[in-house]
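Heads up, the thing below is written out as structure tokens.
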Amino acid sequence: MHTSAAQPADSSQPLVLLRDVYRIFQTGGTEVRALDGVTMSVPQGNLVVIKGRSGSGKTTALNMMGGLDRPTRGQVFFKGTEISTFGEKTLTRWRREEVGFVFQSFGLLPYLTAQENVELPLRIAGYPSSKRRARAQECLELVGLRQRARHRILELSGGEQQRVGIARALTMNPSLILADEPTGELDFATSMKVMELFRTLVDEHGVTVCLVTHDPAVEEFGDKVYELADGRVVKEEERCWA
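When we follow numbering that gives the first Met the number 0, the leftmost residue of the sequence shown carries the number 0, and every step to the right adds one.
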């Protein structure tokens with residue numbers, strides 16, 4: 000087990016909490032409020048969806064949760080610890096240990112194999128090759144791709160590539176997976192398979208997932224759905240999964 004920069008989770012509190020968060024940019028003398036007083040929470044062991052039109056603030060909110068951006072005002076908490084006050088070194092270590100990222104464009108190195116891509120976070124963290132291989136195979140097994148481990152990324156379908164991206168996000172055993180439009184480049188049937196995989200990770204493996212989408216079919220998989228418009232939460236909906 001790793002030692003995190005944040006404190007252990009308390010099941011009575013959300014895994015992630017944005018409290019009255021503002022993110023304000025200056026563009027050509029004009030003030031742009033990417034986030035305008037957003038409060039939202041990600042409960043542990045849930046799949047949380049953030050939806051909204053382009054420019055609504057969805058990705059900015061996700062970046063706040065992952066420590067990729069800092070609020071102009073407001074607070075970001077993870078397991079009860081305010082990460083928005085972390086220095087860069089602590090924040091980098093925290094991200095590496097606690098958060099897995101999944102991207103719309105997959106973010107994989109095309110000339111490496113699936114296994115080599117999944118091993119990358121472990122290589123960066125200094126794990127020995129035997130442990131890297133074992134953990135990569137375990138994560139590929141979780142996403143149903145162990146038999147494709149030796150295939151280069153260019154030899155895989157879009158859906159398989161996204162599953163490799165999810166396997167890579169799992170390698171460090173993160174508490175939270177953040178996914179930015181993870182089905183944006185996939186057809187409908189493949190998108191549904193990817194979302195079923197996310198639900199399995201949440202329901203059977205206790206992973207917490209927060210993802211951004213504009214696809215109504217994707218939001219149906221959420222335990223909780225936030226809708227953003229003009230940098231504000233305009234709707235919050237709780238759903239019940241059996």
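Ideal Cβ positions, reconstructed from N, Cα and C, are used throughout, including at glycine.
If you compare the alpha carbons of A60, D229, E97, A124 with that of S40, the shortest gap goes to A60. Take L90, set aside five residues on each side of it, and the residues of its chain with a beta-carbon closer than 6 angstroms to its own are G66, in chain order. For the pair L141 and A166, the CB atoms are nearer than the 8 angstroms cut-off.
In this structure, DSSP gives D202 a helical state, which the three-state scheme calls helix. If the five residues before and after E118 are omitted, its C-beta is found closer than 6 angstroms to the C-beta atoms of R131, A135, all from its own chain and listed in chain order. When rounded, the separation of the alpha-carbon atoms in R122 and Q114 is 12 angstroms.
Here R72 has Y21 as same chain residues with Cβ atoms under 6 angstroms from its own Cβ, once five neighbours each way along the sequence are excluded. One alpha carbon belongs to L17, the other to E97, and they sit about 17 angstroms apart. For G106, same chain residues with a beta-carbon under 7 angstroms away, outside a window of 5 residues either side, are G164 in chain order. Under the DSSP assignment, L61 falls in the alpha helix (DSSP H) whose first and last residues are 57-64. By the Cβ criterion, the region 197-211 is in contact with the region 167-186, since at least three pairs of Cβ atoms, one from each stretch, lie closer than 8 angstroms. For W93, the closest alpha carbon among the candidates T80, S104, Q12 is that of T80. Counting other Cβ atoms within 10 Å of its Cβ, Q161 reaches 16 or more and is therefore classed as buried.
For a cut-off of 8 angstroms, the C-beta gap from P70 to S83 is around 6 angstroms, short enough to register as a contact. Non-local C-beta neighbours of R32 in its own chain, meaning closer than 6 angstroms and more than five positions away in sequence, comprise I23, G230, ordered along the chain. Excluding residues up to 5 positions away in sequence, P120 lie with their Cβ nearer than 6 angstroms to the Cβ of M171 in the same chain.
Rounded to whole angstroms, L108 and R145 show a C-alpha spacing of 18 angstroms. Sequence-distant Cβ neighbours of L153 in its own chain, meaning closer than 8 angstroms and more than five residues away, are P109, Y110. Rounded to whole angstroms, the separation of the alpha carbons of D35 and M63 is 13 angstroms. DSSP lists no bridge partner for Q43.
Cα atoms of G221 and L155: separation of roughly 28 angstroms, rounded to the nearest angstrom. Apart from sequence neighbours up to five positions away, the residues of its chain that approach G183 with a beta-carbon distance below 7 angstroms are Q103, ordered along the chain. In the DSSP assignment, the residues bridged to I23 are R32.
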